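As C-alpha coordinates, the structure follows; a few thoughts come after it.
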Amino acid sequence: MAWSLFKIFSKGKEDNEVANDISVAPKGDDKKEQNQIDRPEKLRQQEKLLEQQKHLQQEKLQHEMSQQEKLRQQKELQQQEVLRLQKKLKQQQSLRKQKEARKEIKKEAYLELQEESKEFLQELKSFGLELDSIADLESLSDNYDFAIPVLLSNLNKNYSNRLLAIIIRALTIPAAEGIANQKLLEMFKTVENDKLRWIIGNALATVASENDIEQLLDILTEPSYGKARNMLVHAVARLQKTEAVPTLVDCLNDNDLVAQSAIALGNLKATGAKKALKKIRHEDSGVMNQVNDALKKIDEASE
102 MAWSLFKIFS
112 KGKEDNEVAN
122 DISVAPKGDD
132 KKEQNQIDRP
142 EKLRQQEKLL
152 EQQKHLQQEK
162 LQHEMSQQEK
172 LRQQKELQQQ
182 EVLRLQKKLK
192 QQQSLRKQKE
202 ARKEIKKEAY
212 LELQEESKEF
222 LQELKSFGLE
232 LDSIADLESL
242 SDNYDFAIPV
252 LLSNLNKNYS
262 NRLLAIIIRA
272 LTIPAAEGIA
282 NQKLLEMFKT
292 VENDKLRWII
302 GNALATVASE
312 NDIEQLLDIL
322 TEPSYGKARN
332 MLVHAVARLQ
342 KTEAVPTLVD
352 CLNDNDLVAQ
362 SAIALGNLKA
372 TGAKKALKKI
382 RHEDSGVMNQ
392 VNDALKKIDE
402 ASE
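In this text, residue positions in the sequence shown follow the working numbering: the first is 102, and each later residue adds one.
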(Lines of atoms letter the chains of each structure in order from A and count residues from 1; the text may use other names and numbers.)
(Lines give C-alpha, C1' and ligand atoms only; values in the text may rest on other atoms or scores of the structure.)
Protein backbone atom coordinates (compact mmCIF):
# COMPACT_ATOMS: atom_id res chain seq x y z
CA MET A 1 0.00 0.00 0.00
CA ALA A 2 2.81 2.30 0.85
CA TRP A 3 4.36 1.61 -2.53
CA SER A 4 1.10 2.45 -4.24
CA LEU A 5 0.91 5.77 -2.45
CA PHE A 6 4.51 6.63 -3.48
CA LYS A 7 3.77 5.92 -7.13
CA ILE A 8 0.61 8.03 -7.04
CA PHE A 9 2.56 10.89 -5.42
CA SER A 10 5.40 10.62 -7.95
CA LYS A 11 3.04 10.61 -10.88
CA GLY A 12 1.23 13.66 -9.54
CA LYS A 13 4.55 15.49 -9.26
CA GLU A 14 5.54 14.63 -12.81
CA ASP A 15 2.16 15.82 -14.09
CA ASN A 16 2.63 19.12 -12.30
CA GLU A 17 6.10 19.62 -13.79
CA VAL A 18 4.80 18.88 -17.28
CA ALA A 19 1.95 21.30 -16.74
CA ASN A 20 4.40 23.95 -15.59
CA ASP A 21 6.60 23.39 -18.64
CA ILE A 22 3.61 23.72 -20.90
CA SER A 23 2.50 26.94 -19.24
CA VAL A 24 6.04 28.48 -19.47
CA ALA A 25 6.76 27.56 -23.09
CA PRO A 26 5.49 30.22 -25.57
CA LYS A 27 2.88 29.38 -28.02
CA GLY A 28 3.60 29.42 -31.74
CA ASP A 29 1.74 32.71 -32.35
CA ASP A 30 3.47 34.36 -29.41
CA LYS A 31 6.92 33.45 -30.78
CA LYS A 32 6.05 34.86 -34.18
CA GLU A 33 4.84 38.08 -32.59
CA GLN A 34 8.07 38.33 -30.56
CA ASN A 35 10.14 37.94 -33.73
CA GLN A 36 8.15 40.75 -35.32
CA ILE A 37 8.92 42.95 -32.31
CA ASP A 38 12.64 42.06 -32.36
CA ARG A 39 13.05 42.66 -36.13
CA PRO A 40 12.45 46.47 -36.12
CA GLU A 41 14.88 46.77 -33.23
CA LYS A 42 17.52 44.97 -35.25
CA LEU A 43 16.79 47.16 -38.24
CA ARG A 44 17.09 50.23 -36.07
CA GLN A 45 20.41 48.98 -34.77
CA GLN A 46 21.60 48.26 -38.30
CA GLU A 47 20.43 51.69 -39.50
CA LYS A 48 22.12 53.33 -36.54
CA LEU A 49 25.30 51.45 -37.31
CA LEU A 50 25.09 52.44 -40.98
CA GLU A 51 24.44 56.05 -39.97
CA GLN A 52 27.48 55.99 -37.70
CA GLN A 53 29.59 54.50 -40.48
CA LYS A 54 28.28 57.13 -42.91
CA HIS A 55 29.05 59.90 -40.42
CA LEU A 56 32.55 58.54 -39.90
CA GLN A 57 33.09 58.38 -43.65
CA GLN A 58 31.91 61.98 -44.02
CA GLU A 59 34.21 63.10 -41.22
CA LYS A 60 37.07 61.23 -42.84
CA LEU A 61 36.26 62.78 -46.21
CA GLN A 62 36.03 66.27 -44.70
CA HIS A 63 39.30 65.72 -42.89
CA GLU A 64 40.96 64.58 -46.11
CA MET A 65 39.52 67.58 -47.96
CA SER A 66 40.67 69.88 -45.18
CA GLN A 67 44.15 68.41 -45.34
CA GLN A 68 44.18 68.79 -49.11
CA GLU A 69 43.06 72.43 -48.77
CA LYS A 70 45.78 73.07 -46.21
CA LEU A 71 48.34 71.50 -48.50
CA ARG A 72 47.04 73.58 -51.39
CA GLN A 73 47.23 76.77 -49.34
CA GLN A 74 50.70 75.88 -48.11
CA LYS A 75 51.81 75.21 -51.66
CA GLU A 76 50.28 78.50 -52.81
CA LEU A 77 52.03 80.38 -49.99
CA GLN A 78 55.30 78.68 -50.87
CA GLN A 79 54.87 79.68 -54.51
CA GLN A 80 54.09 83.25 -53.49
CA GLU A 81 57.16 83.32 -51.26
CA VAL A 82 59.31 81.97 -54.07
CA LEU A 83 57.95 84.65 -56.42
CA ARG A 84 58.52 87.33 -53.78
CA LEU A 85 62.10 86.21 -53.24
CA GLN A 86 62.70 86.05 -56.98
CA LYS A 87 61.29 89.57 -57.37
CA LYS A 88 63.41 90.81 -54.47
CA LEU A 89 66.48 89.19 -55.96
CA LYS A 90 65.81 90.83 -59.32
CA GLN A 91 65.32 94.18 -57.61
CA GLN A 92 68.56 93.75 -55.68
CA GLN A 93 70.37 92.77 -58.85
CA SER A 94 68.84 95.76 -60.64
CA LEU A 95 69.81 98.11 -57.79
CA ARG A 96 73.29 96.64 -57.73
CA LYS A 97 73.62 97.24 -61.46
CA GLN A 98 72.28 100.77 -61.05
CA LYS A 99 74.74 101.49 -58.25
CA GLU A 100 77.58 100.08 -60.30
CA ALA A 101 76.47 102.16 -63.28
CA ARG A 102 76.18 105.29 -61.14
CA LYS A 103 79.53 104.60 -59.60
CA GLU A 104 81.02 104.24 -63.06
CA ILE A 105 79.31 107.43 -64.22
CA LYS A 106 80.53 109.28 -61.14
CA LYS A 107 84.00 107.97 -61.75
CA GLU A 108 83.89 109.08 -65.38
CA ALA A 109 82.36 112.43 -64.38
CA TYR A 110 85.02 112.90 -61.71
CA LEU A 111 87.79 112.19 -64.21
CA GLU A 112 86.19 114.56 -66.71
CA LEU A 113 85.87 117.23 -64.02
CA GLN A 114 89.50 116.78 -63.01
CA GLU A 115 90.59 117.16 -66.60
CA GLU A 116 88.37 120.20 -67.13
CA SER A 117 89.62 121.94 -63.97
CA LYS A 118 93.31 121.16 -64.42
CA GLU A 119 94.31 124.71 -65.39
CA PHE A 120 91.95 126.18 -62.80
CA LEU A 121 93.60 124.12 -60.05
CA GLN A 122 97.00 125.37 -61.18
CA GLU A 123 95.74 128.95 -61.05
CA LEU A 124 94.40 128.47 -57.53
CA LYS A 125 97.69 126.92 -56.52
CA SER A 126 99.55 130.01 -57.75
CA PHE A 127 97.35 132.07 -55.39
CA GLY A 128 98.26 129.81 -52.49
CA LEU A 129 95.22 127.53 -52.53
CA GLU A 130 96.39 124.00 -53.27
CA LEU A 131 93.71 121.34 -53.77
CA ASP A 132 93.89 117.66 -54.74
CA SER A 133 90.53 117.91 -56.49
CA ILE A 134 88.33 120.79 -57.56
CA ALA A 135 85.53 119.13 -55.59
CA ASP A 136 87.50 119.98 -52.43
CA LEU A 137 86.68 123.61 -53.11
CA GLU A 138 83.13 123.02 -51.85
CA SER A 139 84.27 121.76 -48.46
CA LEU A 140 86.82 124.44 -47.58
CA SER A 141 86.45 125.70 -44.03
CA ASP A 142 89.56 127.86 -43.82
CA ASN A 143 89.63 131.50 -44.89
CA TYR A 144 90.14 131.75 -48.64
CA ASP A 145 88.99 135.33 -49.25
CA PHE A 146 92.17 135.92 -51.22
CA ALA A 147 90.93 133.46 -53.87
CA ILE A 148 87.64 135.32 -54.56
CA PRO A 149 89.04 137.23 -57.58
CA VAL A 150 90.27 133.96 -59.13
CA LEU A 151 86.92 132.32 -58.55
CA LEU A 152 85.08 135.24 -60.13
CA SER A 153 87.30 135.38 -63.19
CA ASN A 154 86.73 131.70 -63.86
CA LEU A 155 82.96 132.22 -63.99
CA ASN A 156 83.56 133.86 -67.37
CA LYS A 157 85.01 130.69 -68.84
CA ASN A 158 83.10 128.13 -70.84
CA TYR A 159 82.95 125.53 -68.09
CA SER A 160 80.40 122.79 -67.58
CA ASN A 161 77.46 123.53 -65.28
CA ARG A 162 78.96 121.16 -62.74
CA LEU A 163 82.22 123.09 -62.48
CA LEU A 164 80.38 126.43 -62.48
CA ALA A 165 78.19 125.18 -59.62
CA ILE A 166 81.30 124.28 -57.59
CA ILE A 167 82.77 127.76 -58.12
CA ILE A 168 79.48 129.49 -57.23
CA ARG A 169 79.11 127.47 -54.03
CA ALA A 170 82.66 128.47 -53.12
CA LEU A 171 81.61 132.11 -53.56
CA THR A 172 78.62 131.70 -51.22
CA ILE A 173 80.44 133.31 -48.29
CA PRO A 174 79.90 136.66 -46.51
CA ALA A 175 83.33 137.84 -47.67
CA ALA A 176 82.03 137.83 -51.27
CA GLU A 177 79.19 140.27 -50.48
CA GLY A 178 79.41 143.30 -52.71
CA ILE A 179 82.10 141.59 -54.80
CA ALA A 180 80.49 138.58 -56.49
CA ASN A 181 76.95 139.99 -56.51
CA GLN A 182 76.94 141.72 -59.91
CA LYS A 183 78.38 138.76 -61.78
CA LEU A 184 75.92 136.41 -60.09
CA LEU A 185 72.94 138.67 -60.85
CA GLU A 186 73.98 138.69 -64.49
CA MET A 187 74.30 134.90 -64.54
CA PHE A 188 70.93 134.46 -62.80
CA LYS A 189 69.26 136.23 -65.72
CA THR A 190 71.15 134.45 -68.48
CA VAL A 191 71.63 130.80 -67.47
CA GLU A 192 69.17 128.29 -68.90
CA ASN A 193 69.68 125.51 -66.37
CA ASP A 194 67.12 125.81 -63.54
CA LYS A 195 69.28 123.90 -61.06
CA LEU A 196 72.24 126.19 -61.69
CA ARG A 197 69.96 129.24 -61.42
CA TRP A 198 68.82 127.99 -58.01
CA ILE A 199 72.46 127.66 -56.88
CA ILE A 200 73.12 131.23 -58.08
CA GLY A 201 70.03 132.47 -56.21
CA ASN A 202 71.23 130.72 -53.07
CA ALA A 203 74.59 132.52 -53.40
CA LEU A 204 72.85 135.88 -53.91
CA ALA A 205 70.91 135.34 -50.68
CA THR A 206 74.34 135.64 -49.01
CA VAL A 207 76.31 138.07 -51.20
CA ALA A 208 73.69 140.54 -52.50
CA SER A 209 74.17 144.08 -51.19
CA GLU A 210 71.85 147.02 -50.53
CA ASN A 211 72.74 148.43 -53.93
CA ASP A 212 71.17 145.36 -55.55
CA ILE A 213 67.67 145.80 -54.11
CA GLU A 214 66.18 147.30 -57.28
CA GLN A 215 67.53 144.51 -59.50
CA LEU A 216 66.37 141.89 -57.03
CA LEU A 217 62.83 143.27 -56.99
CA ASP A 218 62.74 143.43 -60.80
CA ILE A 219 63.72 139.77 -61.00
CA LEU A 220 61.04 138.81 -58.48
CA THR A 221 58.34 140.23 -60.75
CA GLU A 222 59.49 138.14 -63.72
CA PRO A 223 57.80 134.67 -63.58
CA SER A 224 60.04 133.25 -66.33
CA TYR A 225 62.86 132.91 -63.80
CA GLY A 226 60.80 130.29 -61.99
CA LYS A 227 61.11 128.99 -58.45
CA ALA A 228 64.75 130.02 -58.13
CA ARG A 229 63.38 133.50 -57.33
CA ASN A 230 62.56 132.19 -53.86
CA MET A 231 66.22 132.47 -52.99
CA LEU A 232 66.16 136.15 -53.98
CA VAL A 233 63.25 136.68 -51.59
CA HIS A 234 65.68 135.52 -48.90
CA ALA A 235 68.15 138.13 -50.13
CA VAL A 236 65.52 140.89 -49.98
CA ALA A 237 64.44 139.83 -46.48
CA ARG A 238 68.07 139.85 -45.30
CA LEU A 239 68.62 143.37 -46.60
CA GLN A 240 65.62 144.60 -44.53
CA LYS A 241 64.56 147.27 -47.01
CA THR A 242 61.03 148.64 -46.49
CA GLU A 243 60.80 149.66 -50.17
CA ALA A 244 60.62 145.94 -50.91
CA VAL A 245 57.23 145.58 -49.15
CA PRO A 246 54.96 146.51 -52.12
CA THR A 247 56.76 144.05 -54.41
CA LEU A 248 56.62 141.32 -51.77
CA VAL A 249 52.88 141.95 -51.34
CA ASP A 250 52.45 141.51 -55.11
CA CYS A 251 54.44 138.28 -54.88
CA LEU A 252 51.77 136.88 -52.54
CA ASN A 253 49.72 136.35 -55.71
CA ASP A 254 52.52 134.30 -57.27
CA ASN A 255 52.07 130.65 -56.32
CA ASP A 256 55.82 130.04 -56.60
CA LEU A 257 56.66 132.82 -54.15
CA VAL A 258 53.69 133.12 -51.77
CA ALA A 259 55.24 131.20 -48.85
CA GLN A 260 58.66 132.88 -48.92
CA SER A 261 57.10 136.30 -49.50
CA ALA A 262 54.90 135.84 -46.42
CA ILE A 263 57.98 134.91 -44.39
CA ALA A 264 59.84 137.98 -45.64
CA LEU A 265 56.90 140.29 -44.84
CA GLY A 266 56.68 138.83 -41.36
CA ASN A 267 60.39 139.37 -40.78
CA LEU A 268 60.05 142.95 -42.04
CA LYS A 269 57.12 143.47 -39.62
CA ALA A 270 55.27 144.96 -42.58
CA THR A 271 52.02 146.28 -41.11
CA GLY A 272 50.96 147.43 -44.57
CA ALA A 273 50.86 143.79 -45.70
CA LYS A 274 48.28 142.61 -43.13
CA LYS A 275 45.27 143.14 -45.39
CA ALA A 276 46.83 141.19 -48.26
CA LEU A 277 48.00 138.39 -45.94
CA LYS A 278 44.52 138.00 -44.42
CA LYS A 279 43.00 137.54 -47.88
CA ILE A 280 45.17 134.52 -48.67
CA ARG A 281 43.35 131.19 -48.92
CA HIS A 282 45.73 128.47 -50.00
CA GLU A 283 45.14 124.71 -50.28
CA ASP A 284 48.65 124.00 -48.95
CA SER A 285 48.57 123.97 -45.14
CA GLY A 286 52.30 124.71 -45.07
CA VAL A 287 51.71 127.97 -46.95
CA MET A 288 48.89 128.94 -44.60
CA ASN A 289 51.13 128.26 -41.61
CA GLN A 290 53.71 130.69 -43.01
CA VAL A 291 51.00 133.30 -43.62
CA ASN A 292 49.65 132.96 -40.08
CA ASP A 293 53.16 133.15 -38.62
CA ALA A 294 53.77 136.36 -40.59
CA LEU A 295 50.54 137.90 -39.29
CA LYS A 296 51.50 136.94 -35.75
CA LYS A 297 54.90 138.64 -36.06
CA ILE A 298 53.31 141.77 -37.50
CA ASP A 299 50.72 141.89 -34.70
CA GLU A 300 53.38 141.42 -32.04
CA ALA A 301 55.42 144.26 -33.52
CA SER A 302 52.35 146.53 -33.46
CA GLU A 303 51.68 146.02 -29.74
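No residue lacks a Cβ here, since even glycine has one placed at the ideal position from N, Cα and C.
These numbers were taken from a predicted model, which means no experiment stands behind them.
In chain order, which continuous runs of the alpha helix (DSSP H) of length 4 or greater are located wholly inside the segment 233–321? Runs found: 249–255, 262–271, 282–291, 295–308, 314–321.
Could you pull out every residue in the same chain whose Cβ sits closer than 6 angstroms to the Cβ of Val392, ignoring the five residues on either side in sequence? Ala363, Leu378, Ile381
Closest by CA to Gln316, which one among Leu297, Lys284, Leu151? Lys284
Does the segment 178–194 come close enough to the segment 211–225 to have 3 or more Cβ pairs within less than 8 angstroms? no
Tell me the residue span of the alpha helix (DSSP H) that contains Asn390. 386–403
Could you pull out every residue in the same chain whose Cβ sits closer than 7 angstroms to the Cβ of Asn303, ignoring the five residues on either side in sequence? Thr273, Met332
Rounded to whole angstroms, what is the Cα-Cα separation between Ile269 and Ile300? Their backbone Cα atoms lie some 7 angstroms apart in a straight line.
For the 8 angstroms Cβ check, are there 3 or more pairs between the segment 221–239 and the segment 247–264? yes
Identify, in the order they occur along the chain, each residue of the same chain with its Cβ nearer than 8 angstroms to the Cβ of Leu396, setting aside the five sequence neighbours on each side. Gly367, Lys375, Leu378, Lys379
Taking C-beta to C-beta, are Ile235 and Leu222 nearer than 8 angstroms? yes
Does at least one heavy atom of the ligand ZN sit under 7 angstroms from the Cβ of Lys370? This structure simply doesn't include the ligand ZN, nor any ligand for that matter.
Where does the unbroken alpha helix (DSSP H) through Ile381 begin, and where does it stop? First-last for Ile381: undefined, no H or E at that position.
Taking all protein chains shown into account, do 16 or more other C-beta atoms lie within 10 angstroms of the C-beta of Met288, making it buried, or fewer, making it exposed? buried
Can you tell me which of the three DSSP states Ser362 falls into? helix
Bounding residues of the alpha helix (DSSP H) (the contiguous stretch that carries Glu231): Note, Glu231: premise wrong, no alpha helix (DSSP H); not H, not E.
Option nearest Lys342 by Cα separation, candidates Gln153, Gly327, Ala360, Asn312: Asn312
Given that a residue counts as buried once 16 or more other Cβ atoms are within 10 Å of its Cβ, and exposed if not, what is Arg298? buried
Give a yes or no on whether the C-beta atoms belonging to Ser261 and Glu293 are separated by under 8 angstroms. One thing to note: Ser261 has its Cβ no nearer than 8 angstroms to the Cβ of Glu293.
Selected residue, minimal CA-CA separation from Ala372, among Asp400, Lys290, Val251: Reading off the sequence, residue 372 comes out as Thr, not Ala. Of the listed residues, the one whose Cα sits closest to Thr372 is Asp400.
To the nearest angstrom, how far is it from the Cα of His335 to the Cα of Lys189? 45 angstroms
Going by Cα to Cα distance, which pick from Ala266, Arg145, Lys171, Ala306 is closest to Leu340? The option with the nearest alpha carbon to Leu340 is Ala306.
Using 8 angstroms for Cβ pairs, my map puts Val359 next to His383. What's the rounded Cβ distance? 7 angstroms
Starting from Asp351, follow the alpha helix (DSSP H) in both directions and report where the run begins and ends. 346–352
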